[in-house]
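Protein chains in written order, with this note's numbering: chain A, 1 to 314; chain B, 1001 to 1330.
Report on one structure; see the data block that follows.
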Amino acid sequence: MDDFACPRCRTTKFQNPSLKMMVNVCGHGLCESCVDLLFLKGSGNCPDCKIPLRRNNFRVQLFEDATVEKEVDIRKRVLRDYNKKEEDFATLAEYNNYLEEVETIVYNLTNNIDVVNTNKKIEQYKKENREQIQKNKGRLGRDEYELEELLELEKHINEARKQEILLEETEAKKKRIQRKEALIDELMFSNTDAKNIVNTFAQQAKEEQEEEAKKPPSKVTKFSTGIEFGRKTHTTFLPVPTDDGPLYEYVPIIVDPDGPQPPLDKDITTKGFMSHVRAETEQERAGGFKTTIACMRALQEAMMGLYHTKRSQY
Amino acid sequence: MFPTSSQCKYWMFSSEDELNNLRDATNATHIQLYGRNVSESSKYEVFLTPEEEKIMVKRYELHLRDFCKRFQPPMPRCVIGTAFHYFKRFYIYNSVMNYHPKEIMVTCIYLASKVEEFNVSIQQFVANIKGDREKASDIILNNELLLMEQLNFHLAIHNPYRPVEGLLIDIKTRGSLHDPERLRPGTEQFLERVLLTDAILLYSPSQVALAAVLHAASKLQENLDSYVTEILFGEGGRDKLEILIDAVRAIRSMEKMADAATDKNLIKLLDKKLEKCRNPENNPDSDIYKKKMQAMLDEDDDLYYAISQQNQIRDNSTLNMSVSASPEVP
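Structural data, given as C-alpha cells:
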C-alpha cells in the first residue's frame, strides 16, 4: 500500500515523495500542506467529520491505518485518568476487571459506540478518583523504574565493552610490531638459515593465534538486556552497605553544675514536676519538642551556678 | 549551661571594686592617648572623670530600658536582658568619650534582637527611633561589627528569666509555699531593676533569679528560707550556703540602690562636656569622621584601580599586544 493519498488534495506519495501525512484526534488524515492551508488560524473543522480541531494537536501519522492513530490518541487520553497500577488493587481479579473496563472504554470511543455514555463514565470516574489520579501522576510505576535501571546498566556494559575492544586492538598491534622487529633482528644477527627462521616465526604466530581463539569466552550469565539466566527471583533491593570502622562509643557529657544537683530525667516525670508545666501542644510534639525537655532545662538553669563565686580566686 | 559558658569564663567579675578599677584604667588610657597636650592638673576639666563616665553609662542604661519598653513590636524580656549585658560589657573596656553611649545603646539592642531571635529588620528597627532614620541605620550598621569585636564575639548570654521559671516549678513541686504564682509580679519588678546594677556582671543568673524570688517572697511576708536551706541546699550544699546568702544579700542591696536619680543640671553639664571631648574620629557629625569614611571609600576605589592596572599590564605582556605594538601608520 504505497499509494495512499491525502483525502483532500489527492496528492500521493508518488507525486510528492516528501509527502507527510498528519493526523488529529478524530483519526482522519490530512497531508502537511493541507493542514497548513486549512488551519492557518490555529483551529478549524475536520474536512471529513467536521469536528472542531486544533492545529497543534496534529502530528505525523505513524501507522498506515489512521484508526490506529485514533486509538493511540484515545488510549493516551484515557490512560491519563485511568492510571491505577497493579499495586493499587487487592486481588489480581480486580485488576483484570479494571483493565477490561479500560479496554472497553477505548474500544467504544474508537468505534463511536455509545460515546456520550462512555464520556460520562470517564467523567464520573475522574470525579470519584481525583485524588488518586493526581497521586499516581507523579509516581512512576515499579515497571518504569526497573526499565530505567536496566537501560542504565546496559549503557554501562556497552561502554565497558567498547573500552575493552579498544584495549585489545592496541595490544594486538603492539604484539605484531614486536614480532616483526624480533624477526628482523634474528635475520640480521643469527647465523642459521634465513628460511628456517622465517618458518619458525610463522609457526609461532599461528600457534598464538590459535591459542587466542581457543580461549573460552567468558561465561555469559546474562542476556544482552541484563536479565540474568535461571529462575532466580529478580529482586531490586540494594545490599545494605557495611561500614567497617571502629564502632562509635557514646560517652555521656558530665557537666559540673556548680550548684545543687538538678533533678534527673526520670525524677521529672515521677516526682510531679510535670503537673506545674504547660503540656506541649500537638504541633510542638510533632516538632520534637516535649514538655520534659523544657522543664528540665528550666530546672537545670535554676540550679546551675548557684555556688558560683569568683571571690575565692582573688 | 552557665558553668561552661563564655559568660562565666570571661565576663564574670569578682567584685564591684574590680569593675571600677577596670573602668578607671579605661578612662586613664583614653586620656593618655588623646590628651597629650593637656596638662595633668587640668585634664579633668577637659575630659570626663571615671565617675562622670559611670553616670553617663547609667543614664543611657535608663534610656535603653525605656527604649526597649516602648519598642514596637513589643520585645521579649530576654532581648532587653541581653542588650543590657552587651552595653555593660562594652563600657568596661571602652570609654564613653571614645564611643558615644547613644550610638552603642541602639546597636546593642539591635544585636541583641538578632541574637535572641527576635526578628526585626533594620527599617522596622529604626522606625522606633526619632530623628534622622537613615543616619541612625548607618550608625547601627557601622557600629555592629565594632560592638561584636569589643565583646570578643561572646554573644551568648544567660539571662535570669529561665532560672526564675525553674525555681517556680521547683517551689511548686517541692516547696510548701501557698500559690507561688503570687511571687511573679515582685520577681519581674526586681529583675527589671537589677539590670540597672552591676549585679549581672558579678553573680550568676541563677543567683540573681533566686534573689529575685526571695525578694518577692519577703515583700509578701512569706518565708522561703526553709525551701532554700532544706531542699535546695539540703544535700551536700551546706558549706556553700554562705556564698549564696552573701550573694543574695549583695544583689538585693545593689537593687535597692538601682535608681538613685541624678541631678538634671548635672546631666546637661555632662552632655556639653562630652560633646566637647568626645573622639571626633568616631563622631558621625564631625568632619574627621566624614573624611575617614570618604578615605575608606577612596581606598577601595584605589585598590580597584591598582588591581585593574596590574591586570592590564599582565594582559598586555602576555598577549604582546600593547598599544604601542600596534601597526603604526606611516
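No residue lacks a Cβ here, since even glycine has one placed at the ideal position from N, Cα and C.
As the structure is a prediction and not an experimental result, all values here were calculated from the model.
8 Å Cβ cut-off: residues of chain A touching residue i
| i | result |
| --- | --- |
| residue 1002(B) | 258, 301, 304, 305, 308 |
Reference residue i, options the options, closest by Cα
| i | options | result |
| --- | --- | --- |
| residue 61(A) | 50(A), 73(A), 54(A) | 73(A) |
| residue 275(A) | 1171(B), 1055(B), 1227(B) | 1171(B) |
| residue 1154(B) | 1160(B), 1161(B), 1145(B) | 1145(B) |
| residue 1152(B) | 1249(B), 1234(B), 1007(B), 1129(B) | 1007(B) |
| residue 205(A) | 192(A), 177(A), 188(A), 191(A) | 177(A) |
| residue 132(A) | 21(A), 270(A), 83(A), 293(A) | 83(A) |
| residue 270(A) | 1209(B), 1207(B), 1174(B) | 1174(B) |
| residue 268(A) | 295(A), 162(A), 307(A) | 295(A) |
| residue 1014(B) | 1134(B), 1243(B), 1223(B), 1218(B) | 1243(B) |
| residue 1241(B) | 199(A), 195(A), 308(A) | 308(A) |
| residue 1232(B) | 260(A), 293(A), 208(A) | 260(A) |
Distance, residue j Cα to residue i Cα
| i | j | result |
| --- | --- | --- |
| residue 1043(B) | residue 1104(B) | 25 Å |
| residue 279(A) | residue 285(A) | 10 Å |
| residue 241(A) | residue 146(A) | 21 Å |
| residue 273(A) | residue 1205(B) | 22 Å |
| residue 287(A) | residue 160(A) | 49 Å |
| residue 1107(B) | residue 1018(B) | 26 Å |
| residue 201(A) | residue 173(A) | 17 Å |
| residue 1059(B) | residue 1179(B) | 37 Å |
| residue 136(A) | residue 86(A) | 12 Å |
| residue 1157(B) | residue 1082(B) | 6 Å |
| residue 169(A) | residue 203(A) | 22 Å |
| residue 1028(B) | residue 289(A) | 51 Å |
| residue 1292(B) | residue 1002(B) | 41 Å |
| residue 112(A) | residue 88(A) | 30 Å |
| residue 1038(B) | residue 1247(B) | 43 Å |
| residue 314(A) | residue 1004(B) | For residue 314(A), the pLDDT reaches just 40, beneath the cut-off of 50, and the residue's location in the model is therefore unreliable, leaving the point undetermined. |
| residue 1210(B) | residue 1276(B) | 44 Å |
| residue 1131(B) | residue 1147(B) | 23 Å |
| residue 98(A) | residue 153(A) | 33 Å |
| residue 1094(B) | residue 1223(B) | 43 Å |
| residue 1102(B) | residue 1020(B) | 21 Å |
| residue 1346(B) | residue 263(A) | In the structure as shown, chain B begins at 1001 and stops at 1330. Residue 1346(B) is therefore absent and cannot be evaluated. |
Contacts that residue i makes with chain A (C-beta to C-beta distance below 7 Å)
| i | result |
| --- | --- |
| residue 1285(B) | Near residue 1285(B) there are no residues of chain A at all, since even the closest Cβ is about 41 Å away, more than 7 Å. |
| residue 1206(B) | 259, 301, 302, 303, 304, 305, 306 |
| residue 1233(B) | 260 |
| residue 1240(B) | 307 |
| residue 1108(B) | Here the premise fails: no neighbours, minimum Cβ distance about 23 Å. |
| residue 1237(B) | 260 |
Within chain B, partners of residue i - CB distance below 8 Å
| i | result |
| --- | --- |
| residue 272(A) | 1173 |
Chain B residues whose Cβ lies nearer than 7 Å to that of residue i
| i | result |
| --- | --- |
| residue 255(A) | 1001, 1003, 1004 |
Below-8 Å beta-carbon distance, residue i vs any chain B residue
| i | result |
| --- | --- |
| residue 277(A) | yes |
| residue 297(A) | yes |
| residue 314(A) | Interpretation of residue 314(A) is limited by its pLDDT of 40, a score under 50 that renders its predicted location unreliable; the figure taken from the coordinates is listed afterwards. So yes, residue 314(A) belongs to the interface. |
| residue 269(A) | no |
Test: residue i CB closer than 8 Å to a CB of chain A
| i | result |
| --- | --- |
| residue 1163(B) | yes |
| residue 1209(B) | yes |
| residue 1078(B) | no |
| residue 1014(B) | yes |
| residue 1167(B) | yes |
| residue 1170(B) | yes |
| residue 1191(B) | no |
| residue 1243(B) | yes |
| residue 1277(B) | no |
| residue 1008(B) | yes |
Interface residues of chain A facing residue i [CB-CB closer than 9 Å]
| i | result |
| --- | --- |
| residue 1203(B) | 305, 308, 309 |
| residue 1195(B) | The contacting residues do not exist; residue 1195(B) stays about 18 Å from chain A at best. |
Any chain E beta carbon closer than 8 Å to residue i
| i | result |
| --- | --- |
| residue 1315(B) | Chain labels in this structure do not include chain E; the protein chains are A and B. |
>> Below 8 Å, how does it come out for the region 48 to 55 of chain A and the region 23 to 30 of chain A: are there three or more Cβ pairs, yes or no?
In response: With the cut-off at 8 Å, the region 48 to 55 of chain A and the region 23 to 30 of chain A touch.
> Pairing CB atoms from the region 1113 to 1124 of chain B with CB atoms from the region 1069 to 1086 of chain B, are three or more of them under 8 Å?
Replying inline: Judged by Cβ distances under 8 Å, the region 1113 to 1124 of chain B makes contact with the region 1069 to 1086 of chain B, as three or more pairs qualify.
> Is the region 1168 to 1187 of chain B close to the region 1025 to 1038 of chain B, with three or more CB pairs under 8 Å?
Replying inline: The count of Cβ pairs closer than 8 Å, one atom from the region 1168 to 1187 of chain B and one from the region 1025 to 1038 of chain B, stays below three, leaving the stretches out of contact.
>> Tell me whether the region 247 to 267 of chain A and the region 288 to 301 of chain A touch, counting them as touching only if at least three CB pairs, one residue from each stretch, are closer than 8 Å.
In response: Result yes; three or more Cβ-Cβ pairs closer than 8 Å.
>> Does the contact criterion of 3 or more C-beta pairs under 8 Å hold for the region 1227 to 1236 of chain B versus the region 1271 to 1284 of chain B?
In response: No contact exists between the region 1227 to 1236 of chain B and the region 1271 to 1284 of chain B.
> Is there contact between the region 1268 to 1280 of chain B and the region 1084 to 1094 of chain B, where contact requires at least three CB pairs shorter than 8 Å?
Replying inline: Fewer than three beta-carbon pairs drawn from the region 1268 to 1280 of chain B and the region 1084 to 1094 of chain B are found closer than 8 Å, and the two stretches are therefore not classed as touching.
> Within the chosen definition, does the region 1117 to 1132 of chain B reach the region 1292 to 1301 of chain B through at least 3 CB pairs nearer than 8 Å?
Replying inline: By the criterion of at least three beta-carbon pairs nearer than 8 Å, the region 1117 to 1132 of chain B is not in contact with the region 1292 to 1301 of chain B.
> Is there contact here, the region 2 to 22 of chain A with the region 32 to 41 of chain A, by at least three beta-carbon pairs under 8 Å?
Replying inline: Contact holds: three or more Cβ-Cβ distances are below 8 Å.
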